[in-house]
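K.L.:
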Amino acid sequence: MEVVQAIAAEKEATTAQVALAWQLYQPGITSPIMGPRTLAQLEDALAAVDISLSAEDLARLDAVAPPGRAIVSYYGEDGEEVWEGWRPALHRW
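Quick note on the working numbering: the sequence shown kicks off at 55 and runs consecutively.
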């Protein structure tokens with residue numbers, strides 16, 4: 055989180071904006087996930103499109119969240135054990 059906070063301070067942005075901007079730079083991501091509940095949160099999130107991340111910024115962010123690996127291990131994609139008892143929802147709400 056320190057890296058995201060540092061880049062946010064350098065860009066005069068929020069950490070959420072930096073996280074969304076980073077997603078926009080990822081070739082495999084076609085639609086960044088965001089869940090604003092208010093108009094103010096939506097406006098804050100949309101400001102992420104105006105953030106330019108340099109190659110150095112991207113390298114710093116990739117060092118803490120390497121592309122191509124699961125951030126959480128409950129899918130077992132990163133070689134970690136799957137959480138015991140975890141299973142997908144059996145029905146939709």
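A virtual CB, placed ideally from N, CA and C, is assigned to each residue, including glycine.
Mark Gln71 as exposed unless 16 or more other C-beta atoms lie within 10 angstroms of its C-beta, in which case mark it buried.
P.N.:
Along the sequence shown, one-based indexing puts residue 71 at 17. Buried, by the Cβ-count rule.
K.L.:
Reducing DSSP to helix, strand and coil, say where Glu64 ends up.
P.N.:
On the sequence shown, residue 64 is found 10 positions in, with the first residue counted as 1. Of the three classes helix, strand and coil, the one that applies to Glu64 here is helix, per DSSP.
K.L.:
So Gln95 and Pro121 are supposed to be a Cβ contact under 8 Å. How far apart are they, rounded?
P.N.:
For this step, residue 95 is matched to residue 41 along the sequence shown. For this step, residue 121 is matched to residue 67 along the sequence shown. The pair is not a contact, with the Cβ atoms about 26 Å apart (cut-off 8 Å).
K.L.:
What residue range does the alpha helix (DSSP H) around Thr8 cover?
P.N.:
With the chain covering only 55 through 147, there is no way to say anything about residue 8.
K.L.:
Under a Cβ-count criterion, where at least 16 other Cβ atoms within 10 Å of its own Cβ denotes burial, should Ile87 be classed as buried or exposed?
P.N.:
The sequence position of residue 87 within the sequence shown is 33, counting from 1. By the neighbour-count rule (16 or more Cβ atoms within 10 Å), Ile87 is not buried but exposed.
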